[in-house]
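Q: In full-length UniProt numbering, the protein residues as written are 1 to 909.
From the three backbone atoms N, C-alpha and C, an ideal C-beta is built for every residue, glycine too.
Note that the coordinates shown come from a computational prediction; the quantities given were computed from them, not determined experimentally.
Pasting in a structure now, in structure tokens, and then I'll have a few things to ask.
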């Protein structure tokens with residue numbers, strides 16, 4: 001959560017004493033100098049010389065533009081100890097007290113814990129930004145490519161998967177990751193992603209499912225690791241550091257800051273560490289993010305797992321950065337924790353300096369952290385003598401977003417071949433559902449970004465069927481709380497463009513102004529003077545496309561006032577019911593009021609908010625201006641939707657979740673769709689047997705009507721091109737390319753692993769290695785849709801599997817199978833290989849994924865697919881090493897965890 005950190009940029013004089021080698025990697029001598037500077041600066045100098053260990057610092061000159069302040073400094077001024085400092089032209093005075101050098105250069109930030117300013121011979125270290133949480137970084141505009149971020153599909157769709165090449169080709173396939181062309185010009189050189197976790201249950205966070213299920217890749221550790229490694233390679237091939245997170249077993253939102261995960265060493269190695277291992281050993285990740293929780297009683301930032309296996313076994317030589325506020329004490333400095341965030345304030349600061357001076361923390365540990373951070377600076381081209389990598393991606397952001405969304409969609413039902421639809425034959429379509437008009441393109445919490453535009457399913461269908469009569473019906477309200485005002489209805493009074501004007505005030509005096517293209521506003525650090533302001537002001541002009549009564553409201557604790565055309569329409573003091581840290585950001589309280597508006601008539605809106613600093617994080621603020629949905633006639637909404645469906649050739653219903661169901665900050669408590677969406681689908685299906693349902697959720701939900709409709713398409717969170725991608729799949733211009741990365745249950749009570757809430761500060765992973773589909777196979781309960789399942793617009797046959805008869809612990813096995821496209825059109829299939837062991841002394845899963853391959857064939861053609869299964873796929877963790885049980889295993893080849901028509905035995909020597 002809120003993982004924003006800075007990576008220093010180090011420039012070195014080009015002379016024989018340059019502090020880096022030919023490769024640009026800093027030398028140990030350089031590290032020693034810099035570490036000495038850090039300690040000396042903190043001990044001996046005030047003001048600008050106070051440094052990364054947490055001391056205060058005066059801010060220097062800021063660039064103009066982007067809402068930044070401007071502060072000029074005199075040409076020269078006295079050092080606190082009487083030493084004359086240089087001016088901006090580089091004129092020098094006496095030596096720097098930090099290292100004794102005779103050349104001082106002004107700097108902005110340095111060090112393993114986020115320094116503000118310092119000086120050192122041969123060095124100038126300005127800020128190099130990490131991408132940080134998308135909400136925090138979204139205000140930054142690349143100079144070369146102005147505008148907002150490209151919002152892509154969320155990870156679960158990618159497993160459709162099982163296709164690694166796409167993720168490497170365009171590493172920002174993660175819905176919240178910036179395009180490399182946008183990242184580098186903005187000065188952002190590190191991306192705190194991917195979420196390298198499996199999700200063995202459908203309703204908790206990331207690795208164990210739910211609230212942040214949409215941020216993780218899969219319930220299978222091998223698939224998660226392969227996708228994470230491909231993601232890391234794609235990111236770093238473009239010169240940006242990837243940061244797999246959260247290390248380790250931080251897989252629930254409830255009490256995530258304090259709870260301890262109790263888990264066996266074998267389960268850690270085979271399930272939760274495996275994705276990180278692949279990201280580090282196969283893709284050489286340059287950074288890893290440590291987690292909030294404790295593991296077996298020791299907090300993650302102080303845990304020996306940061307050293308073993310991360311450093312000692314996997315050879316990790318990058319930076320371990322903490323999740324926001326995850327460092328609790330200086331004990332983390334004795335571990336392999338390199339960077340505390342946020343900086344320079346935090347648990348280290350003066351306490352860490354005192355610990356170093358007392359000998360409680362070895363200075364060599366600080367040197368190691370400095371070396372790793374400077375090495376990272378070299379890798380991303382922030383070190384003079386190294387060049388930043390030019391992005392290799394040539395795809396258009398919007399075009400790739402559209403392709404990625406379609407590739408990840410999973411077709412799980414298609415009765416009678418209702419899909420694809422023929423645009424020339426369909427004359428009337430009913431488009432139904434709240435999410436059809438206001439789709440969820442991403443999950444909630446710190447992963448949120450603001451794209452320049454979003455194509456809704458309704459807009460995409462209208463564009464794809466230009467000759468059809470399209471009728472829209474809301475059907476059921478999904479939204480809970482306050483939704484953002486639509487960007488295309490807003491005019492910024494300061495710029496005349498779309499958006500809002502935001503000002504920070506103190507005693508009525510303006511301190512800072514910013515133009516934003518969204519009304520869900522979040523600041524985490526940066527330039528906005530949150531701590532020095534008492535009032536946030538928002539102004540915009542709203543033009544409604546229809547005459548209506550607008551439920552205008554806000555989401556934030558404290559005092560808010562809203563004026564519409566100069567009239568005070570809301571004056572409220574909203575209490576915060578949940579006092580947990582960050583509650584004001586992730587699920588704030590709301591209030592609203594009725595404001596009549598006429599079609600085409602502009603309404604001037606002004607908002608004042610009394611900033612409630614005691615309710616949030618220091619230097620951070622979240623505020624939403626928007627609308628509340630009208631749910632006063634739920635039966636009437638369903639009746640009108642069913643009537644529209646009855647008049648249509650086909651009904652397309654888009655159902656889904658909302659930000660109160662899937663978001664950072666809380667675990668899911670139910671797998672049911674919110675509101676009356678189940679009743680809506682049933683009514684529409686009765687009215688029109690040609691009903692197609694698109695499920696707009698980031699994780700599994702119950703689908704009690706799934707056998708009553710003609711087609712079901714799992715579309716996940718589709719990114720900014722979601723509507724166009726959905727239309728592409730509906731018309732058949734693209735095939736739904738996905739296969740399920742996680743098991744979908746029929747009923748919530750069927751889920752085999754349900755215990756997810758900490759009890760007395762502890763979460764026990766007693767299921768061991770039996771997670772996800774492995775737990776389903778063990779329980780014997782059939783799910784609605786199994787892991788790996790997915791249909792296309794053609795049919796397939798997999799048979800004649802063969803494999804190498806024997807293998808040893810150092811080798812592997814080649815599996816071959818014949819795959820035939822038995823349908824009438826070209827298509828894509830994902831061939832999957834699972835292993836099992838009938839007679840074993842080891843507690844093994846019934847089956848586990850060991851390989852997969854994508855094949856694309858023309859109709860009526862056959863291809864032999866080769867899949868390599870490494871010996872490690874047959875290993876188990878045995879106390880302190882990988883063990884190999886000799887004997888016979890069976891390899892099963894097919895289309896999902898439950899559809900494996902071909903098998904072949906292999907023997908491990």
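(1) For the beta strand (DSSP E) holding residue 694, just list the boundary residues, first then last.
(2) Which residues does DSSP pair with residue 832 in a beta bridge?
(3) Under 8 Å between the Cβ atoms of residue 419 and residue 692?
(4) Near residue 901, which residues of its chain fall below 7 Å by C-beta distance, leaving aside the five closest residues on each side in sequence?
(5) How is residue 903 classed by DSSP in three states: helix, strand or coil?
(6) Can you tell me whether residue 459 is buried or exposed, with buried defined as 16 or more other CB within 10 angstroms of its CB?
(7) Starting from residue 870, follow its DSSP beta bridges and name the residues at the other end.
(8) Taking the straight line between their C-alpha atoms, what separation do you get for residue 430 and residue 220?
(9) Would you mind sorting residue 479 into buried or exposed? The rule is 16 or more other CB atoms within 10 Å of its CB.
(10) Measuring only the C-alpha atoms, how far is residue 728 from residue 571?
(11) Indicate whether the contact test is met: 3 or more Cβ pairs, each with one atom in the region 524-542 and one in the region 497-506, closer than 8 Å.
(12) Kindly indicate which three-state DSSP category residue 597 falls into: helix, strand or coil?
(13) Taking the alpha helix (DSSP H) that residue 637 falls in, what are its first and last residues?
(14) Tell me the DSSP secondary structure of residue 156 in three-state form.
(15) Out of 744, 723, 675, 724, which has the shortest C-alpha to C-alpha gap to residue 701?
(16) Roughly how far, in whole angstroms, is the beta-carbon of residue 897 from the beta-carbon of residue 787, given that I think they are within contact range, below 8 Å?
(17) Give me the Cα-Cα distance between residue 591 and residue 574, rounded to the nearest whole angstrom.
(18) Determine, using beta carbons only, whether residue 326 and residue 291 come nearer to each other than 8 Å.
(19) If I follow the unbroken beta strand (DSSP E) through residue 414, where does it start and stop?
(20) What residue range is occupied by the uninterrupted beta strand (DSSP E) comprising residue 611?
(21) Given this structure, state the Cα-to-Cα distance separating residue 452 from residue 706, to the nearest angstrom.
(22) Name the two residues that bound the continuous beta strand (DSSP E) containing residue 876.
(23) Rounded C-beta distance between residue 277 and residue 225? I'm assuming under 8 Å.
(24) Kindly confirm or deny that the region 805-812 and the region 867-882 touch, where touching means at least three C-beta pairs closer than 8 Å.
(25) May I ask you to list the residues that DSSP assigns as paired with residue 802?
(26) Report the three-state DSSP secondary structure of residue 673 (helix, strand or coil).
(27) Apply the 10 Å Cβ neighbour rule to residue 540 and answer buried if 16 or more other Cβ atoms are within range, or exposed otherwise.
(28) When we look at the beta-carbon of residue 851 and count the other beta-carbons within 10 Å, is it buried (16 or more) or exposed?
(29) Strictly by DSSP, which residues pair up with residue 555?
(30) For residue 312, list the residues DSSP reports as bridge partners.
(31) For residue 624, collect the residues of the same chain with a Cβ closer than 6 Å to its Cβ; drop the 5 residues on either side in sequence, then sort them by chain order.
(32) Expressed to the nearest angstrom, what Euclidean distance is found between the alpha-carbon atoms of residue 636 and residue 456?
(33) In the structure shown, what three-state DSSP assignment does residue 619 receive?
(34) Does the distance from the C-beta atom of residue 408 to that of residue 792 stay below 8 Å?
(35) When the Cα of residue 518 is compared with those of 512, 498, 528, 510, which residue comes out closest?
(36) Is DSSP giving residue 889 helix, strand or coil here?
A: Judging by the given coordinates:
(1) 691-696
(2) 852, 894
(3) yes
(4) 798, 799, 894
(5) strand
(6) buried
(7) 812
(8) 38 Å
(9) buried
(10) 46 Å
(11) yes
(12) strand
(13) 634-646
(14) Low confidence applies to residue 156: its pLDDT is 44, below 50, so where it sits in the model is not reliable, and the reading given next is rough at best. Helix at residue 156.
(15) 744
(16) 4 Å
(17) 7 Å
(18) yes
(19) 410-414
(20) It is not in any beta strand (DSSP E) - residue 611 carries neither H nor E in the DSSP assignment.
(21) 35 Å
(22) 876-878
(23) 7 Å
(24) yes
(25) 816
(26) coil
(27) buried
(28) buried
(29) 590, 624
(30) In the DSSP output, where bridge partners are listed per residue, residue 312 has none listed.
(31) 482, 520, 555
(32) 24 Å
(33) coil
(34) no
(35) 498
(36) strand
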